[in-house]
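> Once you've had a glance at the structure underneath, I'll fire off some questions.
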Amino acid sequence: MQNPSKRQLVYSTTNKIIFSLEESKELSKTKATLSNLRNSVGRPSAENLEGIKLLYQFIPEEFYTKYSKLTYEENAILTTLQLYAIHQQSEIDSVNNTEKKDGWDNVGESIAEIRTEDNFLSLDRRFNAMITSQSFEELSNHLRQLIKILKGSKELIKINYPKLAQDLYDFARGYDERVRLNWSRAYYSKNISKGEENE
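The sequence shown begins at 1 in the UniProt record's numbering and counts up one residue at a time.
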């Protein structure tokens with residue numbers, strides 16, 4: 001049997017961590033973990049010991065390292081967990097969606113859910129600013145702002161967070177053009193299918 005790639009392991013590890021958090025979401029320990037993840041955004045990894053602790057309860061040995069900085073795998077998963085914690089705050093139902101579905105299954109499609117005739121100009125600007133991010137940190141900042149906008153929606157908009165972790169991993173490894181293209185296709189094609197192109 002072929003061993004899973006690191007890309008696949010990023011997905012499955014993120015999925016396991018989020019599943020564990022959701023299974024124990026009523027526990028004060030889990031609430032504290034989610035709070036720590038939210039508060040660790042933008043801080044050095046050395047100040048995010050709770051996040052590192054959570055990470056190392058689940059990550060496979062292939063991800064173990066002695067580097068002084070977070071690896072691509074660690075950074076992608078940890079950043080995704082921070083975004084998930086922001087999105088999940090005060091929500092009863094899960095904001096994570098890993099069900100197989102038709103169409104694009106990425107964050108671009110999720111953001112497109114809130115694109116309307118009233119807000120598409122400003123939302124497009126924000127989306128395009130995210131897509132043209134030149135660094136992982138810049139991309140993460142734009143994602144965080146867009147997820148906060150998603151939270152303000154009347155309906156619960158879900159994101160496939162393990163897939164987001166995989167995309168962030170790809171972006172960090174230099175496959176940023178692929179990520180940009182796939183997110184853009186998902187974002188703009190969803191609105192075309194609603195009839196925007198024919199108006």
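Beta carbons are placed, not taken as given, at the ideal position from N, Cα and C, and that holds for glycine.
1. Should Ser193 be labelled buried (16 or more other beta-carbon atoms within 10 Å of its own) or exposed?
2. Taking 7 Å as the cut-off, decide whether the C-beta atoms of Ala85 and Arg38 are in contact.
3. If you measure between the beta carbons of Ile114 and Ser184, is that distance less than 7 Å?
4. Is it buried or exposed, Tyr169, if we count other Cβ atoms within 10 angstroms and call 16 or more buried?
5. Can you tell me the Cα-Cα spacing of Ser90 and Gln145, whole angstroms?
6. List the DSSP bridge partners of Ile159.
7. Can you give the Cα-Cα distance for Leu78 and Gln166, rounded to whole angstroms?
8. In whole angstroms, give me the CA-to-CA distance for Ile147 and His87.
9. State the Cα-Cα distance for the pair Ser68 and Asn15, rounded to the nearest angstrom.
10. When DSSP labels each residue in this structure, what does Lys16 get in the three-state scheme?
Working from what's here:
1. Here residue 193 refers to the residue found at position 193 of the sequence shown. Model confidence at Ser193 stands at a pLDDT of 38, short of 50, so the residue's coordinates are unreliable; what they give is reported in the following sentence. Counting C-beta atoms within 10 angstroms of its own C-beta, Ser193 has fewer than 16 neighbours from the protein chains shown and is therefore classed as exposed.
2. Position 85 of the sequence shown holds residue 85. Position 38 of the sequence shown holds residue 38. Yes. Within cutoff.
3. Within the sequence shown, residue 114 is the residue found at index 114, counting from 1. Within the sequence shown, residue 184 is the residue found at index 184, counting from 1. Contact flag unset, no.
4. As a working note, residue 169 is residue 169 in the sequence shown. Only buried fits Tyr169, as 16 or more other CB atoms lie within 10 angstroms of its CB.
5. The sequence position of residue 90 within the sequence shown is 90, counting from 1. The sequence position of residue 145 within the sequence shown is 145, counting from 1. Taking the straight line from one Cα to the other gives about 17 Å.
6. Mapped onto the sequence shown, residue 159 falls at position 159. Bridge partners of Ile159: Asn96.
7. Taking the sequence shown and counting its residues from 1, the one referred to as residue 78 is at position 78. Taking the sequence shown and counting its residues from 1, the one referred to as residue 166 is at position 166. Cα to Cα, the separation comes out at about 12 Å.
8. The residue labelled residue 147 in the question sits at position 147 within the sequence shown. The residue labelled residue 87 in the question sits at position 87 within the sequence shown. Spanning the two alpha carbons is a distance of roughly 6 Å.
9. Indexing the sequence shown from 1 puts residue 68 at position 68. Indexing the sequence shown from 1 puts residue 15 at position 15. Ser68 and Asn15: Cα-Cα distance of roughly 26 Å.
10. Within the sequence shown, the letter at position 16 stands for residue 16. Of the three classes helix, strand and coil, the one that applies to Lys16 here is helix, per DSSP.
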